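Notes follow once the structure below has been shown.
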Amino acid sequence: MGVGISIQGGEMIFTCERCKIAPLKNGFRRPYQWKTETGFNNHKCYTVTQEKRDKTRAANKDLVAQKRAEAAQAAEERRRIEYEAAMKVRVETAKHRPGDFVYAVFYRVTKGTHEQRYNRLVRVRYEEERSYQACEMVITEITLHGYLACPKGMTFPSQKISDADIFPSMPEAVTAFQKRAAQYKEHCERADFCR
Ligand SMILES: [Zn+2]
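Written as structure tokens, this is what we have:
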């Protein structure tokens, strides 16, 4: 039961070279390809005995390990290429550049839903407590789905913001942050009421 391992779209495909060319069974082609090694190993191979199956399984082990490493590498490479292509488009079409000053709204989590108690995380509240802010920020980096930005005059901490968080003027950003803070408060109260 010779195994042929190919990599399609970063995934391993196990092909039984014997079953692939086996005569039709009741007019149908036998299954000869699997996405998992287990699927391949467990298939009732055309005319092959259990003993031979165990032997080839052992012989295939190194090949499988090697192909698995190749598949992981190919998948990683594909992800990298996709990410770079997406980033290229993103950078070309982004409305803002690193170094731009913008008026933005963001929030910081002031109290999370979980706290560390000894060696475990304990849920201490249903909704995190947030502090919404509006400020003039400088874009430091374009990311795939937004930007990293710092409050003007600072280099830390970085905040993730998107185009939806950016406003044409400070008064508009202030209005937006007040609205968002009120909406979040309302959301927490409603969620609390529903519990
Ligand atoms: Zn087979």
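When we follow this note's numbering, the leftmost residue of the sequence shown carries the number 2, and every step to the right adds one. Every residue, glycine too, gets a C-beta built ideally from N, C-alpha and C. Being a predicted model, the structure only gives us computed values, none of them experimental.
Going by beta carbons, Arg131 and Tyr84 fall outside the 7 Å limit. Within the chosen limit of 6 Å, ligand 1 reaches the beta carbon of Arg19 through at least one heavy atom.
For Val106, the beta-bridge partners assigned by DSSP are Ala135. The Cβ atoms of Ile14 and Lys68 lie no closer than 7 Å to each other. Three or more Cβ pairs drawn from the segment 93-110 and the segment 158-174 lie within less than 8 Å of each other, which places the two stretches in contact.
DSSP assignment within the segment 17-101 yields the following whole alpha helix (DSSP H) runs of 4 residues or more, N-terminal first: 18-21, 38-43, 51-94. Spanning the alpha carbons of Gly10 and Ala76 requires a straight line of approximately 7 Å. In the structure shown, the three-state DSSP call for Thr114 is coil. Within the same chain, and ignoring the five residues on either side of Asp63 in sequence, no residue has its Cβ closer than 8 Å to its Cβ. The way I'd put it, the segment 91-100 does touch the segment 137-150; three or more beta-carbon pairs between them come closer than 8 Å.
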